[in-house]
Amino acid sequence: MAQVVEKVVNAAIGDAKTRQMESFTLEDNSSTPLTSYFGVPIAETDIALRAGARGPTVIEDFHNREKISFFDHERIPERVVHARGAGAFGEFKLHTPLTGLTTAKILTETSKTTPAYVRFSTVGGSRGSADTVRDPRGFAVRMYTDEGNWDIVGNNVPVFFIQDAIKFVDLIHAVKPEPHREIPQAQTAHDNAWDFMALHPQSTHMQSWVLSDRTIPRSYRMMQGFGVHTFRLINAEGKSTFVKYHWTPHLGTHSLVWDEALKLAGQDPDFHRRDLWDAIEAGAYPKWELGVQLIPEEDEHKFDFDLLDATKLIPEELVPVQNIGTLTLNRNPVDYFTEVEEVAFCTQHIVAGMDFSSDPLLAGRNFSYFDTQISRLGINFKDIPVNRPVCPFHTTQQDGQGQMQSKRNRARYHPNRFDALPITSPANGGFKSYPEVVSGIKERMHGPKFNEFVSQAQLFYNSMSAPEKAHIVAAGQFELSKCEEHEVQQNAISRFNLISHDFALAVAEAFPQVKVPDAVPNHGRKSEFLSQVTGKNQTFTAAGRKIGIYVLPGFDYAVGAAVKAAFEAASVMAKVVGPGTGPVVGSNGSSLTAEFTFENSRSTHFDAVVFIGGPDDSYVKGLKNGRLIHVIREAYMHLKAVGGTGNAVPWITDICLPGDFSAGAKTSSEVVLENGAVLAPSAGLGAEFAASFLEGVKQHRVWDREVSHIAA
Ligand code: HDD
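What follows is the structure, encoded as structure tokens:
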């Protein structure tokens, strides 16, 4: 902890937000003698004041009361949704200005580096739930701009379950654990969730995303983010352009496989939080491009969907995404509670040069976020350091519980005798709402295009590759198999039938009692931008991946060291796994330092695994350990690159995965690549092996290995 504080203090020469937060950060005072919260030194903290050694504890012991009382009030309400999350600080740098489209400096001035903050989250689970559950992920970004805080409170999925905020309460009551027994935690695999989704047509498109691999991301670092709603940009002449925001990760958009996600939920419930923290500590700063889809005001009605409907995306074939800036996360929080738990995002935090569209989901959110912060943090949540703007501010608001600003302004109203007029004016950069022309009858209605629910659900499913479709089917079977009521399964599969008849039939294979309705027309259209396997905008790189290098004492050091060095040169986090932590001595007396052990890690902790061989048969005997054989088998089943060198090769081909390799694979004098396994039986091939292996890691998964029973 002392180290982290030191780092932040050193970083204080950095951005305005870091400097501001530093002034609220206590130095590590663990060597200061213990005091009460009000500074009185404490002589004894282990035994409460008693009337006699065996007598009653007395109430006058203020230290005892203070200690217990603070503890009693440590908890605040967790977020009603998105309770589980992780946050980090960083910066945003614009590289392509939106000149002429907005007056917002953050989107027009490339010379600026704007402090930024991101909180990633799951939606349904409690604060202590597991990271790898099937759920959309929150992707909430705050920019501390010179013109005020700008929050884009988005998700890693570009669409939402509902079109109108009034349905949010129903949605969340349905997907949260069932109220009578509070089961299941952090999952939609239950009757209430699928009951609601099956009966609520607006959720049809989102269902196809929820069942896809998008909801089990490999890492927060490997997720796209989306603002979801259509927003407006406003230029100096007051002209508006519609905009959708996209965050595209430099490391590509990649997911876990379901079996891995389930296991990780138990093996390392903090998998995503740890991954983000470790990457930032290692200097492997995650980065995203901010992209915009721009729609001129006059094109508002040219689509077959409504721009105000958050259950629809704008296919990139129709409006390309233009990348305009880079977000980098480079600093972990000093203190989780004050910097992550107390961060208060609000969708209404926009800056001048922007505005909202009339999306009814967004309108409700603009009320809800501020409201929820009052209940979680109190009306003065604005004073919590992570929520403060870095630019000058001046309001007439005052007082309230927890107020921290001692204001020198005597007159907290306007106009007043001290005003240097005009204090409010668009000419001062003041926020001005877009003067939208509206007309209509006040009634509970949506625009006519809001009533189409199926077209984009079909587009998404049609666009998936064969393994991705197989995963969606398996997810549908998993979720519905946890529903106990036949009616729910029947209704859900009937809805899946609207997305794709083949999909519904495939899911129904696991539910013989369900009757799949007749096929409905499918438009057959695909988008080239939606698949994570074949998508046009996808990035494949080994950088930022974690590879386990397994060694036993006596391993071939030259090969192990060459492989590790090659991985590190490719910006891979190469983690040595040995029988214990600390040095594992190789054949020539040199050692590699193991960070993980056979006991404390599983193949699921790594993107790929490599076994380095040793000098003789006794080494292979050591490998014949059920735990280690399982590492190869499990990683292979999870479609990961696996590899071996020297005499670890015949162990892989004959013992771990018998029957999967050609006869010559274990005797070849060259590096062999079969079924996504990389094998180097001969000595001295460390560098060649590593190069081939990195190619495999780069592909993310070996899709050919996947058993798929659905045509692409
Ligand atoms: Fe929400 C939190 C994203 C619809 C009401 N939401 C929250 C967070 C994210 C989203 C990322 C976590 C923020 C953080 O890290 O602190 N929410 C979305 C997206 C939506 C959406 C992408 C649809 C496009 N949300 C939505 C609606 C409502 C809410 C329609 C209410 C009517 N959301 C909330 C909330 C939360 C929240 C209750 C809980 C804690 C908080 O706001 O700060 O107000």
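In our numbering, the protein residues as written are 707 to 1418.
All C-beta atoms, glycine included, are put in the ideal place defined by N, C-alpha and C.
Note that this is a predicted model, so its numbers are computed, not measured.
* Whether LEU957 touches THR1245 by CB criterion (8 Å) -> As a position in the sequence shown, residue 957 is number 251, starting the count at 1. As a position in the sequence shown, residue 1245 is number 539, starting the count at 1. Going by C-beta atoms, LEU957 is nearer than 8 Å to THR1245.
* Buried or exposed: PHE1099, going by 16 or more other Cβ atoms within 10 Å of its Cβ? -> The residue given as residue 1099 occupies position 393 in the sequence shown. So PHE1099 counts as exposed.
* **Residue from PRO907, LYS882 and GLU766 with nearest C-alpha to ALA895** => Your numbering for residue 895 matches position 189 in the sequence shown. Comparing Cα positions, the closest option is LYS882.
* Return the residue from the list ASP876, SER914, ARG938 and PHE1156 that minimises the CA-CA distance to ASP1015. => The sequence position of residue 1015 within the sequence shown is 309, counting from 1. Per the Cα distances, PHE1156.
* In the structure shown, what three-state DSSP assignment does GLN709 receive? -> As a first step, residue 709 is located in the sequence shown; it is residue number 3 there, counting from the start. Low local confidence applies: a pLDDT of 37 at GLN709 is under 50, so the model's placement there is unreliable, and no value is given.
* Asked: Going by C-alpha distance, which of ASP1105, GLY1382, GLU815 and GLY806 is nearest LYS945?
  -> Here residue 945 is taken as the residue at index 239 of the sequence shown, counted from 1. Checked all of ASP1105, GLY1382, GLU815 and GLY806; the closest Cα to LYS945 is GLY806.
* alpha helix (DSSP H) containing TRP900: first to last residue? -> Start at 1 with the first residue of the sequence shown, and residue 900 comes out as number 194. 897-905 is the span of the alpha helix (DSSP H), which, as asked, contains TRP900.
* **8 Å Cβ shell around ILE986 - same chain, five flanking residues per side excluded** => The residue labelled residue 986 in the question sits at position 280 within the sequence shown. Shown here for ILE986: same chain residues with a beta carbon closer than 8 Å to its own, the five before and five after excluded, namely ALA794, PRO992, LEU1035, ASN1036, ARG1037 and ASN1038 in chain order.
* Endpoints, the alpha helix (DSSP H) within which LEU1067 is located -> Here residue 1067 refers to the residue found at position 361 of the sequence shown. LEU1067 -> alpha helix (DSSP H) spans 1066-1083.
* With DSSP collapsed to three states, give me the class of ALA1418. => Here residue 1418 corresponds to residue number 712 of the sequence shown, with the count starting at 1. Legend: pLDDT at ALA1418 = 41, less than 50; position of this residue unreliable, value from coordinates given subsequently. Note: ALA1418 maps to coil in three-state DSSP.
* Same chain only: Cβ atoms within 6 Å of HIS1415, ignoring 5 sequence neighbours per side -> Position 709 of the sequence shown, counting from 1, holds the residue named residue 1415. Since pLDDT at HIS1415 reaches only 44, below the 50 mark, its modelled position is unreliable, and no value is offered.
* Kindly indicate which three-state DSSP category GLY1106 falls into: helix, strand or coil? => In the sequence shown, residue 1106 corresponds to position 400, counting from 1. Coil.
* When we look at the beta-carbon of GLN709 and count the other beta-carbons within 10 Å, is it buried (16 or more) or exposed? -> The count along the sequence shown starts at 1 and reaches residue 709 at position 3. With a pLDDT of only 37 at GLN709, under the threshold of 50, the placement of this residue in the model should not be trusted, and no figure is reported.
* **C-alpha gap between PHE867 and ALA1264, whole angstroms** => Position 161 of the sequence shown, counted from the start, is the residue given in the question as residue 867. Position 558 of the sequence shown, counted from the start, is the residue given in the question as residue 1264. So the two alpha carbons sit approximately 54 Å from each other.
* Asked: Just the Cα atoms here: how many angstroms apart are ALA1117 and PHE1124?
  -> Residue mapping note: residue 1117 aligns to position 411 of the sequence shown, counting from 1. Residue mapping note: residue 1124 aligns to position 418 of the sequence shown, counting from 1. One C-alpha to the other measures close to 8 Å.
* Asked: Based on Cα-Cα distance, which residue from ARG790, GLN908 and ALA749 lies nearest to THR838?
  -> Here residue 838 is taken as the residue at index 132 of the sequence shown, counted from 1. Looking from the CA of THR838, the closest CA among ARG790, GLN908 and ALA749 belongs to ARG790.
* Give every residue of the same chain whose Cβ lies closer than 8 Å to the Cβ of ASN716, excluding the five residues on either side of it in the sequence, and list them in chain order. => Walking along the sequence shown from the start, residue 716 turns up at place 10. In this predicted model, ASN716 has a pLDDT of only 44, less than 50, meaning its place in the structure is not dependable; the value taken from the coordinates is given anyway. Non-local beta-carbon contacts of ASN716 in its own chain, meaning distances under 8 Å to residues more than five positions away in sequence, are absent.
* What residue from ASN855, VAL1226, LEU1013 and LEU1258 has the CA that sits closest to GLY1328's CA? -> For the purposes of this step, residue 1328 is identified with residue 622 of the sequence shown, where counting begins at 1. Here the closest residue by C-alpha is LEU1258.
* According to DSSP, is VAL1057 helix, strand or coil? -> For this step, residue 1057 is matched to residue 351 along the sequence shown. DSSP places VAL1057 in coil when its eight states are reduced to three.
* Asked: Should PRO1141 be labelled buried (16 or more other beta-carbon atoms within 10 Å of its own) or exposed?
  -> The residue given as residue 1141 occupies position 435 in the sequence shown. Counting Cβ neighbours within 10 Å, PRO1141 comes out exposed, since fewer than 16 surround it.
* Going along the chain, which unbroken runs of the alpha helix (DSSP H) with 4 or more residues stay wholly within the segment 1184-1237? -> Within the segment 1184-1237, the complete alpha helix (DSSP H) runs of at least 4 residues are 1192-1205 and 1207-1214.
* So is MET1279 buried or exposed if we call it buried at 16+ other beta carbons inside 10 Å? -> Position 573 of the sequence shown, counting from 1, holds the residue named residue 1279. With 16 or more other Cβ atoms inside 10 Å of its own Cβ, MET1279 counts as buried.
* Should LYS723 go down as buried or exposed, given a rule of 16 or more other Cβ atoms within 10 Å for buried? -> The residue labelled residue 723 in the question sits at position 17 within the sequence shown. LYS723 comes out buried.
* Please determine if the segment 1101-1112 and the segment 727-740 are in contact, where contact requires at least 3 C-beta pairs separated by less than 8 Å. => The segment 1101-1112 vs the segment 727-740: no contact.
* Report yes if the C-beta of ARG1071 is less than 7 Å from at least one heavy atom of the ligand HDD; otherwise report no. => To locate residue 1071, count along the sequence shown from 1; it is residue 365. Distances taken from the Cβ of ARG1071 to the heavy atoms of the ligand HDD include one shorter than 7 Å.
* Among ILE889, SER1074, THR808 and PRO1128, nearest to LEU1000 - alpha-carbon criterion -> Translated into the one-based positions of the sequence shown, residue 1000 becomes position 294. Of the candidates ILE889, SER1074, THR808 and PRO1128, the one whose C-alpha sits nearest the C-alpha of LEU1000 is THR808.
* **For VAL1348, the three-state DSSP class (helix, strand or coil)** => Taking the first residue of the sequence shown as position 1, residue 1348 is located at position 642. Three-state DSSP puts VAL1348 in a strand.
* Asked: Out of MET1151, SER1368, ALA1300 and VAL998, which has the shortest C-alpha to C-alpha gap to LYS1270?
  -> Indexing the sequence shown from 1 puts residue 1270 at position 564. The candidate whose alpha carbon is nearest that of LYS1270 is ALA1300.
* At least one CB of chain C closer than 8 Å to the CB of VAL1057: is that the case? -> Protein chain content of the structure displayed is limited to a single chain, and chain C is not contained in it.
* **Burial state of LEU1127 (16 or more Cβ within 10 Å)** => Position 421 of the sequence shown, counted from the start, is the residue given in the question as residue 1127. Exposed, by the Cβ-count rule.
* **Rounded Cβ spacing between GLU853 and PRO821 (contact assumed at less than 8 Å)** => Within the sequence shown, numbered from 1, the residue matching residue 853 stands at position 147. Within the sequence shown, numbered from 1, the residue matching residue 821 stands at position 115. That pair is no contact at about 13 Å.
* **VAL847 Cβ short of 7 Å to the ligand HDD heavy atom set** => Indexing the sequence shown from 1 puts residue 847 at position 141. Distance from the C-beta of VAL847 to the nearest heavy atom of the ligand HDD is not below 7 Å.
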